[in-house]
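Q:
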RNA sequence: GGCGCGAUGGCAGAGUGGUCAUGCAGCGGACUGCAACUCCGUGUACGCCGGUUCGAUUCCGACUCGCGCCUCCA
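Residue numbers (full-length UniProt numbering): 1 to 461.
#1: Look up residue 65 in the DSSP assignment and say whether it is helix, strand or coil.
#2: Return the chain-ordered list of same chain residues with a C-beta closer than 6 Å to the C-beta of residue 56, the five sequence neighbours on each side being excluded.
#3: Which term fits residue 249, buried or exposed, when burial requires 16 or more other beta carbons within 10 angstroms of its beta carbon?
#4: Which residues in the same chain have their Cβ closer than 7 Å to the Cβ of residue 135, if we skip the five residues on either side of it in sequence?
#5: Could you check whether residue 260 and residue 210 sit closer than 8 Å to each other, using their CB atoms as the reference points?
#6: Counting only runs of 4+ residues fully inside the region 121 to 187, write out the alpha helix (DSSP H) ranges in chain order.
#7: Within the continuous alpha helix (DSSP H) that includes residue 400, where are the two ends?
#8: Thinking C-alpha only, which one of 429, 111, 93 and 381 is nearest residue 367?
#9: Give me the residue from 225, 266 and 442 with the minimum Cα distance to residue 64.
#10: State the DSSP-derived secondary structure class of residue 324, mapped to helix, strand or coil.
#11: Looking at the structure shown, is residue 253 part of a helix, part of a strand, or coil, going by DSSP?
#12: Taking contact to mean 3 or more Cβ pairs, one atom from each stretch, closer than 8 Å, check whether the region 82 to 90 and the region 2 to 22 are in contact.
#13: For residue 448, list the residues DSSP reports as bridge partners.
#14: Is the beta carbon of residue 104 closer than 8 Å to that of residue 172?
#15: What did DSSP end up calling residue 410 once you bin it into helix, strand or coil?
#16: Does the Cβ of residue 354 have 16 or more other Cβ atoms within 10 Å, making it buried, or fewer, making it exposed?
#17: Can you check which of these residues, 58, 272, 36 and 50, is closest to residue 2 by C-alpha distance?
#18: Whole angstroms are fine: how far does the CA of residue 107 sit from the CA of residue 43?
#19: Out of curiosity, what's the CA-to-CA distance linking residue 307 and residue 264?
#20: In or out: residue 459 buried (at least 16 other Cβ within 10 Å) or exposed?
#21: What are the uninterrupted segments assigned as alpha helix (DSSP H) that are 4 or more residues long and contained completely in the UniProt domain "Cysteinyl-tRNA synthetase class Ia DALR" (342 to 401), given in chain order?
#22: With 16 other CB atoms within 10 Å as the buried threshold, where does residue 284 fall?
#23: Going straight from the alpha carbon of residue 291 to that of residue 330, what length do you get?
#24: Per DSSP, which residues does residue 304 bridge with? Please list them.
#25: In whole angstroms, what is the alpha-carbon distance linking residue 418 and residue 36?
#26: Let me know the secondary structure DSSP gives residue 190 once reduced to three states.
#27: State the DSSP-derived secondary structure class of residue 27, mapped to helix, strand or coil.
#28: Among residues of its own chain, excluding the 5 on either side of residue 113, which ones have a beta-carbon nearer than 7 Å to its beta-carbon?
#29: Within 10 angstroms of the Cβ of residue 507, are there 16 or more other Cβ atoms? Answer buried if so, exposed if not.
#30: Less than 8 Å separating the beta-carbons of residue 149 and residue 233?
#31: In terms of alpha-carbon separation, which member of 60, 334, 156 and 348 lies closest to residue 15?
#32: Is the beta carbon of residue 164 closer than 8 Å to that of residue 178?
#33: Using the three-state DSSP reduction, which class does residue 42 fall into: helix, strand or coil?
#34: Using the beta-carbon count (16 or more within 10 Å), is residue 288 buried or exposed?
#35: Taking the beta carbon of residue 208 as the centre, do at least 16 other beta carbons fall within 10 Å, making it buried, or is it exposed?
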């Protein structure tokens with residue numbers, strides 16, 4: 001039983017072999033905290049949470065670090081716009097991020113390091129790079145010398161000459177090579193700054209990840225993850241720094257994993273198109289499990305399209321799962337090891353969630369067709385193991401179907417009263433009245449289902 | 001322009017050198033007082049052109065189209 005992962009470094013699916021199976025290390029680039037995160041960030045987070053869960057099922061210990069970049073020019077600019085203190089501003093969005101993650105059902109990473117708490121480590125890393133001839137100070141800045149690293153461009157598969165030729169940005173005078181990137185830059189008095197050998201300043205964009213990795217996870221990590229948009233320049237630069245800042249034979253990261261982007265109804269999400277979905281908004285509008293499931297149904301390396309149809313399909317599966325949870329109440333289930341399921345075996349193939357969910361669908365259909373309670377119980381046990389593993393079907397079935405009523409909706413008591421009246425009407429063979437009640441409920445968004453044990457109802461949403 | 005990725009049935013989306021993906025929607029049926037739920041049945045799918053092969057949606061090459069990155073971005 002082993003995991004296969006697509007490694008961006010080689011462009012191929014490879015067998016995952018950790019350096020130390022007793023402590024697997026995973027680092028994922030977290031948010032720069034200057035706003036609430038959007039649904040695409042949520043997708044990325046859910047995908048890496050799934051990877052974390054898979055690794056946890058395979059290895060006794062997994063150290064998963066996901067950072068907060070809480071010093072950045074975008075934060076400075078946004079805080080200034082709002083007239084809020086920068087650290088207060090960043091703190092607000094870090095807290096919001098934690099809330100969003102919890103609501104989405106993501107497990108907490110082992111470590112959540114913050115850039116501002118690692119300024120000393122960042123300076124140490126920069127000093128090491130200078131000492132080793134890979135970085136130089138100029139004009140209060142410190143820059144990484146791209147020419148000092150032969151493999152620069154290896155990860156994103158591009159060469160520096162082409163990039164310089166196609167560059168559209170002006171090259172700062174203090175750069176020796178136009179591709180050199182900033183490790184440290186000077187801060188004016190109104191900006192966050194820390195004392196350093198190069199004067200008061202703040203770190204550049206990429207260095208914080210490298211410093212935090214070296215500090216918490218070691219010189220060579222097993223898996224480094226992030227969105228494909230980070231491949232260049234962020235990860236390329238990290239790879240350069242991380243490789244050059246110390247002597248390590250294993251390289252900076254053994255496997256680079258990149259998730260694809262998300263579109264909304266076929267269009268790129270953007271504020272100007274008015275199709276921007278803030279994760280916390282949609283988590284308030286829809287059941288969080290629905291959002292989580294929908295985000296996981298696409299393969300992480302494929303572009304995914306967020307649409308009404310996707311939500312409809314995901315809801316359909318969740319309804320089936322909760323129907324099993326509700327109707328299979330009397331069945332005696334047993335604990336099943338997720339590693340013994342076909343579902344898990346499919347995830348081992350580079351997190352093939354579409355294939356895994358096809359398997360889940362088959363299990364639900366087999367459950368409904370099963371002819372014996374033993375068979376149903378076995379299937380329900382397997383379905384529960386899967387649902388628990390991916391973090392859905394965690395609600396009470398009644399709560400899932402009946403939802404929480406807002407003020408304008410019909411109360412549960414009122415619904416029950418109408419249903420009682422309907423039962424009476426049916427007994428009196430007054431089907432016209434019975435149908436009238438059903439139509440009335442339907443108009444209020446209540447669907448009903450007659451069973452031998454009585455009438456069940458659920459809310460649309 | 002450079003680098004990379006992709007093109008599968010109405011839609012979404014796996015996969016395979018020669019029998020089924022799967023889901024949603026549609027249609028027909030069973031169940032039901034009628035419904036809903038559930039079940040059963042149902043659809044000449046693999047961008048275009050060459051090549052390899054006994055045989056290609058699957059391998060190779062060209063072409064067309066789409067997407068991502070190259071600047072902040074998951």
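Even glycine gets a Cβ: it sits at the ideal position worked out from N, Cα and C.
A: Checking against the coordinates, here is how it stands:
#1: As a working note, residue 65 is residue 65 in the first chain. When secondary structure is reduced to three states using DSSP, residue 65 falls in the strand class.
#2: Start at 1 with the first residue of the first chain, and residue 56 comes out as number 56. Once the five neighbours on either side are set aside, the close Cβ partners of residue 56 are 62.
#3: The residue you call residue 249 lines up with position 249 of the first chain. It is exposed - the Cβ of residue 249 has fewer than 16 other Cβ atoms within 10 Å.
#4: Taking the first residue of the first chain as 1, we reach residue 135 at position 135. Contacts found: 126, 129, 142, 143, 144, 145 and 183.
#5: For the purposes of this step, residue 210 is identified with residue 210 of the first chain, where counting begins at 1. For the purposes of this step, residue 260 is identified with residue 260 of the first chain, where counting begins at 1. Remark: C-beta atoms of residue 210 and residue 260 do not approach each other more closely than 8 Å.
#6: Taking only runs of at least 4 residues, the alpha helix (DSSP H) segments lying wholly in the region 121 to 187 are 160 to 166.
#7: Walking along the first chain from the start, residue 400 turns up at place 400. Note, residue 400: alpha helix (DSSP H), 397 to 402.
#8: To locate residue 367, count along the first chain from 1; it is residue 367. Nearest C-alpha to residue 367: 381.
#9: The residue you call residue 64 lines up with position 64 of the first chain. Distances from the CA of residue 64 to each of 225, 266 and 442 were compared; the closest alpha carbon is that of 225.
#10: The residue you call residue 324 lines up with position 324 of the first chain. Three-state DSSP puts residue 324 in a helix.
#11: As a working note, residue 253 is residue 253 in the first chain. In the three-state DSSP reduction, residue 253 falls in the strand class (E or B).
#12: Too few Cβ pairs lie closer than 8 Å, so no.
#13: Taking the first chain and counting its residues from 1, the one referred to as residue 448 is at position 448. Answer by DSSP bridge pairing, in chain order: 457.
#14: As a first step, residue 172 must be located in the first chain, where it is residue number 172. As a first step, residue 104 must be located in the first chain, where it is residue number 104. Taking the C-beta atoms as reference points, residue 104 is found no nearer than 8 Å to residue 172.
#15: As a position in the first chain, residue 410 is number 410, starting the count at 1. When secondary structure is reduced to three states using DSSP, residue 410 falls in the coil class, being assigned neither helix nor strand.
#16: Against the first chain, residue 354 aligns to sequence position 354. When all chains shown are included, residue 354 counts as exposed.
#17: Counting from one through the first chain, the residue named residue 2 turns up at place 2. Closest by alpha carbon: 58.
#18: What you label residue 43 is simply residue 43 of the first chain in a count that begins at 1. What you label residue 107 is simply residue 107 of the first chain in a count that begins at 1. So the two alpha carbons sit approximately 14 Å from each other.
#19: Here residue 307 is taken as the residue at index 307 of the first chain, counted from 1. Here residue 264 is taken as the residue at index 264 of the first chain, counted from 1. Each residue's CA atom was taken as its position, placing residue 307 and residue 264 some 6 Å apart.
#20: Locating residue 459 in the first chain gives position 459, counting from the first residue. Label assigned to residue 459: buried.
#21: Counting whole runs of 4 or more residues, the UniProt domain "Cysteinyl-tRNA synthetase class Ia DALR" (342 to 401) contains the alpha helix (DSSP H) stretches 342 to 347, 353 to 369 and 373 to 390.
#22: Residue numbering aside, residue 284 sits at position 284 when the first chain is read from its first letter. Within 10 angstroms of the beta-carbon of residue 284 lie fewer than 16 other beta-carbons, which makes it exposed.
#23: Position 291 of the first chain, counting from 1, holds the residue named residue 291. Position 330 of the first chain, counting from 1, holds the residue named residue 330. The straight-line gap from Cα to Cα measures roughly 29 Å.
#24: Translated into the one-based positions of the first chain, residue 304 becomes position 304. According to DSSP, which records beta bridges pairwise, residue 304 is partnered with 262.
#25: Your numbering for residue 418 matches position 418 in the first chain. Your numbering for residue 36 matches position 36 in the first chain. Approximately 43 Å between the Cα atoms of the pair.
#26: The residue labelled residue 190 in the question sits at position 190 within the first chain. It is coil, neither helix nor strand.
#27: Position 27 of the first chain, counted from the start, is the residue given in the question as residue 27. Of the three classes helix, strand and coil, the one that applies to residue 27 here is strand, per DSSP.
#28: Here residue 113 refers to the residue found at position 113 of the first chain. Same-chain partners within the cutoff: 65, 67, 212 and 216.
#29: The structure shown does not extend to residue 507, since the chain is modelled only from 1 through 461, so no value can be given for it.
#30: Here residue 149 refers to the residue found at position 149 of the first chain. Here residue 233 refers to the residue found at position 233 of the first chain. No, they are not a contact pair.
#31: Counted from its first residue, the first chain places residue 15 at position 15. Checking every option, the nearest Cα to that of residue 15 belongs to 348.
#32: If you number the first chain from 1, residue 178 lands on position 178. If you number the first chain from 1, residue 164 lands on position 164. The criterion of a C-beta distance shorter than 8 Å is satisfied by residue 178 and residue 164.
#33: By 1-based counting over the first chain, the position of residue 42 is 42. Reduced to three states, the DSSP call for residue 42 is helix.
#34: As a working note, residue 288 is residue 288 in the first chain. Only buried fits residue 288, as 16 or more other CB atoms lie within 10 angstroms of its CB.
#35: One-based indexing of the first chain puts residue 208 at position 208. With a threshold of 16 other beta carbon atoms within 10 Å, residue 208 meets it and is buried.
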